[in-house]
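Visitor: Okay, here's the structure, questions in a sec.
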Amino acid sequence: MPQRIRISEQLQRLVVSADWKFAVGLRIRFNHPTLLYQTYPEAWVAHYAQNGLLFADPTVMWGMTNTGVCDWADLEHLDVSGVLRQARGFGLVHGIVVSVGDVAQRSIGFFATDDLPIAGALRETAQQVMAELHDATEGVTDMSAADVAALAALNDTLRGVRA
Numbered sequence: 018m019p020q021r022i023r024i025s026e027q028l029q030r031l032v033v034s035a036d037w038k039f040a041v042g043l044r045i046r047f048n049h050p051t052l053l054y055q056t057y058p059e060a061w062v063a064h065y066a067q068n069g070l071l072f073a074d075p076t077v078m079w080g081m082t083n084t085g086v087c088d089w090a091d092l093e094h095l096d097v098s099g100v101l102r103q104a105r106g107f108g109l110v111h112g113i114v115v116s117v118g119d120v121a122q123r124s125i126g127f128f129a130t131d132d133l134p135i136a137g138a139l140r141e142t143a144q145q146v147m148a149e150l151h152d153a154t155e156g157v158t159d160m161s162a163a164d165v166a167a168l169a170a171l172n173d174t175l176r177g178v179r180a
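Structural data, given as structure tokens:
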């Protein structure tokens, strides 16, 4: 199956699985994802960037140093900058972080809802999809800029579906 279709199918699986918002960074190298897909509210994305929250975010720190899944609530004690508190103000109340891959090319997914903690089958779906997306992007760091751009453009379809 072509790589673009495989990635698209997994992203659509995330979109239809739950009423959650997510950000998925794939094949992260030097703290920068090769591919980024997200349905987070635009206002949160802008706030996060404008305030430089990336390096203060306990979910990012956990994902870069661990593999597996962790509830955001379990990281509150590490959140000295109040990133999780700020996220709640944008409807990202309950969340999980899912981290897969090795330290050289980690892939991390951040999933959040405004009503209930993410548990059970949804948690498993997030883990399965992250593993599939990580596998599907093997070799993406060696692709041409045009090929990576074509894969990155899949994010545009997510915004249309989950605006």
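Residue numbering for the sequence shown follows this note's numbering, beginning at 18 and increasing consecutively.
Cβ atoms here follow ideal geometry from the backbone N, Cα and C, with glycine treated the same way.
So what does DSSP say about T51, is it helix, strand or coil?
Guide: strand
Visitor: State the CB to CB distance for the pair D131 and G99, rounded to an integer number of angstroms; the pair is presumed to be in contact (CB under 8 angstroms).
Guide: Actually they are not in contact, since the Cβ atoms of D131 and G99 sit about 18 angstroms apart, beyond 8 angstroms.
Visitor: How is R179 classed by DSSP in three states: helix, strand or coil?
Guide: Interpretation of R179 is limited by its pLDDT of 40, a score under 50 that renders its predicted location unreliable; no figure is taken from the coordinates.
Visitor: With a threshold of 8 angstroms on Cβ separation, who are the neighbours of R102 within its own chain once the five nearest residues in sequence on each side are excluded?
Guide: D96
Visitor: Terminal residues of the continuous alpha helix (DSSP H) containing S34?
Guide: Q20 to S34
Visitor: Would you kindly work out how many angstroms separate the C-alpha atoms of A104 and D91, rounded to a whole number?
Guide: 15 angstroms
Visitor: Which one or two residues does DSSP pair with D164 in a beta bridge?
Guide: Answer by DSSP bridge pairing: none, since D164 is not bridged.
Visitor: Hey, how far is the Cα of A169 from the Cα of V114?
Guide: 21 angstroms
Visitor: Is the number of C-beta pairs between the region 63–81 and the region 156–171 that are closer than 8 angstroms three or more?
Guide: Between the region 63–81 and the region 156–171 there are fewer than three inter-stretch CB-CB distances shorter than 8 angstroms, so the stretches are not counted as touching.
Visitor: Hey, how far is the Cα of D173 from the Cα of Q55?
Guide: So the two alpha carbons sit approximately 9 angstroms from each other.
Visitor: Let me check understanding here. Comparing Cα to Cα, which of H49, P58 and Q27 lies closest to G80?
Guide: The shortest Cα separation from G80 among H49, P58 and Q27 belongs to H49.
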